[in-house]
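See below for the structure under consideration.
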Amino acid sequence: MIVTNRESWLHFVFAARGTTLSRIWRRLTVNVAFALVMTLGHMAYGWLDGRDVTPLPFTLIGFVLGIFLGFRINTAYDRYWEGRRLWGQLVNTCRTLARQLQTLVGAGLGDAALAERRRRLVYLVMAFPHALRMRLRGEEAMVGDLAAFVTPTELEQLRGERNRPNALVQRMAEQLDEAYRAELIHPMHLSLLHQSLTALTDIQGGCERIANTPIPFAYQVLLRRIVGAYCYALPFGVLSPLGLMTPVVVLMMSYAFYGLDALGDEIQDPFGSDPNDLPLSALCRTIEIDLRQRLGEAELPEPAQPHHGQLL
Numbered sequence: 000m001i002v003t004n005r006e007s008w009l010h011f012v013f014a015a016r017g018t019t020l021s022r023i024w025r026r027l028t029v030n031v032a033f034a035l036v037m038t039l040g041h042m043a044y045g046w047l048d049g050r051d052v053t054p055l056p057f058t059l060i061g062f063v064l065g066i067f068l069g070f071r072i073n074t075a076y077d078r079y080w081e082g083r084r085l086w087g088q089l090v091n092t093c094r095t096l097a098r099q100l101q102t103l104v105g106a107g108l109g110d111a112a113l114a115e116r117r118r119r120l121v122y123l124v125m126a127f128p129h130a131l132r133m134r135l136r137g138e139e140a141m142v143g144d145l146a147a148f149v150t151p152t153e154l155e156q157l158r159g160e161r162n163r164p165n166a167l168v169q170r171m172a173e174q175l176d177e178a179y180r181a182e183l184i185h186p187m188h189l190s191l192l193h194q195s196l197t198a199l200t201d202i203q204g205g206c207e208r209i210a211n212t213p214i215p216f217a218y219q220v221l222l223r224r225i226v227g228a229y230c231y232a233l234p235f236g237v238l239s240p241l242g243l244m245t246p247v248v249v250l251m252m253s254y255a256f257y258g259l260d261a262l263g264d265e266i267q268d269p270f271g272s273d274p275n276d277l278p279l280s281a282l283c284r285t286i287e288i289d290l291r292q293r294l295g296e297a298e299l300p301e302p303a304q305p306h307h308g309q310l311l
């Protein structure tokens, strides 16, 4: 899903849905509660009198931590943007392949059986993005949704496939080769059509590379240990100069560091169903509408609409 709200500046300031607050509010609450206890203890009982810690280490560590978090956010966003670029390429490749199928398969012939052959091929192209979405989101159990695009026999074959997008490409290639043997496709045109099928496979491989290669575990562990230690140690460095304002400052700093860490988690896997993930279902619907229209169908599905300000 992806958040699509376009509201005022104040709305974004106070928004909670679709933000990292839902991920970090527990650790943030505990952190601020700890700072509040330390502040009250210091003010009422002098817990830290004579044991002040200079703020310099916190300044230096905070600077380095900011660099680490910035690198994590950039890495996560690169994955997010690469995923969006691949799905944008998928939209264009499906449109191109549908156009090629309708103009290069049996060019100049108006036979009804040939028109049905073209339609079946275009429907397989429609099925590919849906199958890829299911694979990337772990929704293989929803294979029945492909029934609108494939024959009952093809659907049963797909149920037994572990890699359904690849199986659909294979099926398209087989049908194109059948059309070539029936002299419905020129040899040069067959090569162009197979190049488009190869592009579909390359897009799938790029998406799987992102989905199957997480940010290294050791990096995430190190970063979270340092963030946690810094946020809990922060009251010791600011109690003396800030006094009762310490919990407020700890809240702001902890929200910044925890929030940046959670934001990296939120966007590092762009194909999931979190509020800020890519709207794969909406993109699939866009492809389906475009291809059905190219087939001349009058009854088109409605474009995907935001639900509670989010596209699926």
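In numbering that gives the first Met the number 0, the protein residues as written are 0 to 311. We treat Cβ as the ideally placed atom computed from N, Cα and C, and that holds for glycine.
In the structure shown, the three-state DSSP call for VAL104 is coil. The continuous alpha helix (DSSP H) containing LEU123 extends over residues 111 to 136.
Under the three-state reduction of DSSP output, TRP46 falls in the coil class, being neither helix nor strand. DSSP places ILE184 in the coil class of the three-state scheme, outside both helix and strand. Just so you know, the alpha carbons of GLU173 and TYR179 end up roughly 10 Å apart.
Taking all protein chains shown into account, ASP268 has 16 or more neighbouring C-beta atoms within 10 Å of its C-beta and is therefore buried. ALA261 and ASN91 have their C-alpha atoms spaced approximately 33 Å apart.
Put simply, the stretch 66 to 80 does not touch the stretch 135 to 150. Fewer than three CB pairs are less than 8 Å apart.
Per the coordinates, the alpha-carbon of ARG22 lies some 39 Å from the alpha-carbon of VAL168.
In the structure shown, the three-state DSSP call for VAL149 is coil.
Between ARG163 and the set TRP24, HIS185 and ARG132, the nearest pair of CA atoms involves ARG132.
The Cβ atoms of LEU199 and LEU189 lie no closer than 8 Å to each other. The stretch 236 to 246 makes contact with the stretch 40 to 48: 3 or more CB pairs, one atom from each, lie closer than 8 Å. Per DSSP, PRO246 is one residue of the alpha helix (DSSP H) stretching across 245 to 267.
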